[in-house]
Amino acid sequence: MEHAAYVALGGALGSVLRYLVGMAAIRLFGPFLPWGTFTVNIVGSFCIGLLMEWIARKLNASTDMQLFLVTGVMGGFTTFSSFSLDVISLAERGELAWAMAYALATLGLGIVAVFGGLALGRAIF
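Using UniProt numbering, the letters of the sequence shown map in sequence onto residues 1 to 125.
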């Protein structure tokens, strides 16, 4: 049960961060496209790669810390289910080209971001 508490605390923090990024994206770019979800998924992909290298090479983190940071914070911050809903919402509004572009950009840049985070982590840790 103690492990679940670390995941829950990290998840709460990650969710609040996701909400704040989403609100900032709406203020900056408007509500037409789901820029908040896009941003958290790309930034989160980079950060999870960086965190994994930091944990593996430098932090020597306890299981609890790994659960808090990776499963909790990053799990709460990134939003694959929200991403999926955003794609469908765009498609249902008749924005099929935007739906496909958004899906491909999120997946492609997300993978590149994880690679970048891992590479940076390997270089600095």
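Cβ atoms here follow ideal geometry from the backbone N, Cα and C, with glycine treated the same way.
With DSSP collapsed to three states, give me the class of residue i.
i: asparagine 60; result: coil
i: phenylalanine 77; result: helix
i: phenylalanine 125; result: coil
i: alanine 32; result: Per the sequence presented here, residue 32 reads as phenylalanine, with alanine not at that position. Reduced to three states, the DSSP call for phenylalanine 32 is coil.
i: methionine 52; result: helix
i: arginine 27; result: helix
i: methionine 65; result: helix
i: glycine 94; result: coil
Determine the direct distance from the alpha carbon of residue j to that of residue i, and round the result to whole angstroms.
i: leucine 96; j: valine 40; result: 22 Å
i: glutamate 53; j: arginine 122; result: 6 Å
i: leucine 50; j: arginine 18; result: 18 Å
i: valine 1; j: threonine 79; result: Inspection of the sequence shows that residue 1 is occupied by methionine rather than by valine. Using only the alpha carbons, I get a separation of about 25 Å.
i: serine 45; j: alanine 61; result: 20 Å
Is it the case that the CB of residue i approaches a heavy atom of the ligand PLP more closely than 6 Å?
i: phenylalanine 83; result: By its list of ligands, the structure shown contains no ligand whatsoever, and the ligand PLP lies outside what it can speak to.
Is there contact here, the region 5–12 with the region 29–43, by at least three beta-carbon pairs under 8 Å?
no
With contact counted as at least three CB pairs below 8 Å, one residue from each stretch, are the region 98–106 and the region 83–90 in contact?
yes
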